[in-house]
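In our numbering, the protein residues as written are 27 to 458.
Only one structure is covered here, and it is reproduced in the block below.
What follows is the structure, encoded as structure tokens:
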């Protein structure tokens with residue numbers, strides 16, 4: 027008698043935990059690196075790195091670069107580069123600073139703190155940034171000048187245009203409503219932060235299970251139920267945990283007293299409250315969602331990734347790659363202007379050195395986040411995580427007491443290492 031042939035194990039039983047969860051191993055690696063980095067700096071700073079105060083500051087410091095990194099993903103995906111974003115940020119900041127402090131008061135009587143001053147200023151800045159970006163795209167797409175040369179020239183031109191607009195002076199103070207986008211001067215407070223966090227957590231869970239239903243409806247393989255539950259718990263826990271940390275950063279008593287005095291009220295005895303989610307971080311989240319939708323759900327996004335994968339094939343298939351280049355750089359210009367709002371609002375004024383070396387930080391964030399310099403591959407969430415890693419690295423070194431020159435040496439070395447790791451990863455996975 028022979029033994030009955032052994033039954034093959036179900037496919038899901040043979041798959042590893044990560045395979046069943048269908049997690050991006052590269053993303054997990056970045057998250058792991060960020061966690062190790064944070065723990066390491068927390069140990070070296072005697073527990074000061076992972077305090078609610080430092081995490082709050084870290085988030086608002088990351089926003090400006092992260093917003094530009096979202097646009098840089100599309101630029102690099104289409105096999106271009108933009109070296110002018112730091113200089114364009116300075117020009118946009120100068121335009122907005124002059125608009126709200128000199129132009130609007132002289133032309134229309136809209137002085138500082140008028141309800142229309144901040145909205146008009148921001149619109150003017152975004153329009154200016156979009157037009158400059160579109161001009162770069164036209165030079166690249168229609169005149170066939172390499173993006174490296176066009177944006178290198180832009181780096182020199184726009185930095186000095188910003189200097190001439192302000193006559194080399196620091197412009198301030200800026201409009202109070204404008205400063206809301208800087209971070210600490212504009213937060214949602216604990217209650218609204220919890221409300222938004224709850225909505226976001228519910229939305230994340232709904233998205234996970236909605237995707238599962240769509241796959242099942244089209245007979246695509248789906249994860250085990252326990253895997254979906256695990257991912258839902260991780261997503262909701264991460265969102266609500268982030269809100270809890272931000273709410274834990276308490277507003278100083280002196281600042282609270284000044285707020286109540288400005289209202290003509292007396293502060294209750296023992297009253298305390300947290301800052302909550304900064305408006306600038308909320309702005310980044312909205313932009314990230316919008317850019318992700320563009321990348322995954324729209325014709326423009328499909329054209330961008332198709333062009334990056336094979337420009338010749340994309341053009342032969344009917345995609346107007348020249349106009350596409352103009353659109354991408356116009357989008358980059360608009361996002362850079364929005365970053366200028368955040369950066370200048372955080373500082374409270376416009377300075378001539380604003381945005382210095384931001385072009386390198388933005389490119390590094392996109393590349394560390396998994397955007398392939400060869401084109402065709404990149405994610406918005408990866409770029410934001412890359413920006414967070416970059417800012418954490420710089421902030422941690424500053425807290426430890428590392429001098430600025432050594433900080434730049436480390437950041438440059440990390441960038442080269444990240445590109446090398448990316449090359450090795452893509453070779454091993456066959457994703458080239």
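C-beta atoms are modelled at their ideal positions from N, C-alpha and C, and glycine is treated no differently.
Of the listed residues the options, nearest to residue i (C-alpha basis)
| i | options | result |
| --- | --- | --- |
| residue 247 | 237, 225, 109 | 237 |
| residue 374 | 291, 396, 426, 196 | 196 |
| residue 390 | 420, 256, 364 | 420 |
| residue 261 | 231, 282, 62, 239 | 231 |
| residue 207 | 86, 343, 336 | 86 |
| residue 142 | 158, 405, 125 | 125 |
| residue 209 | 303, 284, 192 | 303 |
| residue 184 | 212, 416, 154 | 154 |
| residue 52 | 96, 338, 404 | 404 |
| residue 352 | 71, 162, 148, 79 | 162 |
| residue 190 | 305, 113, 346 | 113 |
| residue 412 | 433, 401, 386 | 386 |
| residue 79 | 215, 305, 276, 307 | 276 |
Sheet register partners of residue i (DSSP bridge)
| i | result |
| --- | --- |
| residue 213 | 304 |
| residue 376 | 197 |
| residue 276 | 300 |
Rounded separation between residue i and residue j - CA only
| i | j | result |
| --- | --- | --- |
| residue 314 | residue 129 | 32 Å |
| residue 199 | residue 376 | 9 Å |
| residue 399 | residue 98 | 11 Å |
| residue 29 | residue 249 | Because the pLDDT of residue 29 is 47, which lies under 50, any placement of that residue in the model is unreliable, and the number read from its coordinates should be weighed accordingly. Distance between the alpha carbons of residue 29 and residue 249 is about 34 Å. |
| residue 101 | residue 393 | 12 Å |
| residue 441 | residue 360 | 26 Å |
| residue 234 | residue 287 | 47 Å |
| residue 317 | residue 64 | 28 Å |
| residue 274 | residue 449 | 40 Å |
| residue 454 | residue 444 | 15 Å |
| residue 435 | residue 418 | 15 Å |
| residue 187 | residue 68 | 42 Å |
| residue 438 | residue 414 | 16 Å |
| residue 451 | residue 257 | 24 Å |
| residue 362 | residue 217 | 31 Å |
| residue 119 | residue 137 | 18 Å |
| residue 431 | residue 383 | 13 Å |
| residue 278 | residue 285 | 11 Å |
| residue 326 | residue 427 | 45 Å |
| residue 336 | residue 330 | 10 Å |
| residue 38 | residue 242 | Summary for residue 38: the model assigns pLDDT 45, below 50, so the residue's position carries little reliability; its value from the coordinates is reported in the next sentence. Each residue's alpha carbon lies about 16 Å from the other. |
| residue 165 | residue 156 | 14 Å |
| residue 224 | residue 266 | 7 Å |
| residue 344 | residue 109 | 29 Å |
| residue 117 | residue 95 | 18 Å |
| residue 447 | residue 341 | 32 Å |
| residue 379 | residue 179 | 18 Å |
| residue 88 | residue 283 | 29 Å |
8 Å contact criterion, which residue i and residue j should meet: CB distance rounded
| i | j | result |
| --- | --- | --- |
| residue 111 | residue 358 | 7 Å |
| residue 107 | residue 177 | 7 Å |
| residue 272 | residue 82 | 6 Å |
| residue 395 | residue 381 | Not confirmed; about 20 Å, so no contact. |
| residue 103 | residue 397 | 6 Å |
| residue 425 | residue 433 | So it is not a contact: roughly 11 Å between Cβ atoms. |
| residue 133 | residue 371 | Not a contact, Cβ separation roughly 23 Å. |
Host alpha helix (DSSP H) of residue i (start-end)
| i | result |
| --- | --- |
| residue 51 | 51-70 |
| residue 139 | Looking at the DSSP string, residue 139 is not in any alpha helix (DSSP H), and its letter there is neither H nor E. |
| residue 192 | 173-192 |
| residue 247 | Segment: none, residue 247 is in no alpha helix (DSSP H) and carries neither H nor E. |
| residue 346 | That residue, residue 346, is in no alpha helix (DSSP H); it is neither H nor E in DSSP. |
| residue 407 | 406-426 |
| residue 155 | 143-167 |
| residue 396 | Where residue 396 is concerned, there is no enclosing alpha helix (DSSP H), given that its DSSP letter is neither H nor E. |
| residue 123 | 111-124 |
| residue 382 | That residue, residue 382, is in no alpha helix (DSSP H); it is neither H nor E in DSSP. |
| residue 89 | 78-103 |
| residue 203 | 202-205 |
| residue 324 | Element bounds for residue 324: n/a, residue is neither H nor E. |
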